[in-house]
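The structure under discussion appears below in the form of structure tokens.
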Amino acid sequence: MTSACALHTGELAFTQGYLDVARDLFVSIIRLHEGQHSYYAVRAKTLLAKLERGLAISFNVR
2 MTSACALHTG ELAFTQGYLD VARDLFVSII RLHEGQHSYY AVRAKTLLAK
52 LERGLAISFN VR
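Residue numbers for the sequence shown follow our numbering, so the first one is 2 and each next one is one higher.
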């Protein structure tokens, strides 16, 4: 349940532009499920990659 809540909160933070909060939540989920291939870890890794791609794109625009 903790992972589900953290994932949902991270997704909300991401969509609202609180990228540091989203990143911290996604990383905490990944660490909690380290070595496992749980839905939450896979989803957190996917969203973290999406977040990081977005940041890289925004830095390249300038």
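Here a beta-carbon is modelled for each residue, glycine too, at the ideal position from N, C-alpha and C. On a predicted model such as this, the values are computed, not experimentally measured, just so you know.
From the listed residues Y41, L48, A14, the smallest Cα separation to A5 is found for Y41. One thing to note: L20 has its Cβ within 8 Å of the Cβ of L52.
Shown here, Q17 sits in a helix according to DSSP, grouped into three states.
Rounded to the nearest whole angstrom, the CA to CA distance from I31 to V43 is 8 Å.
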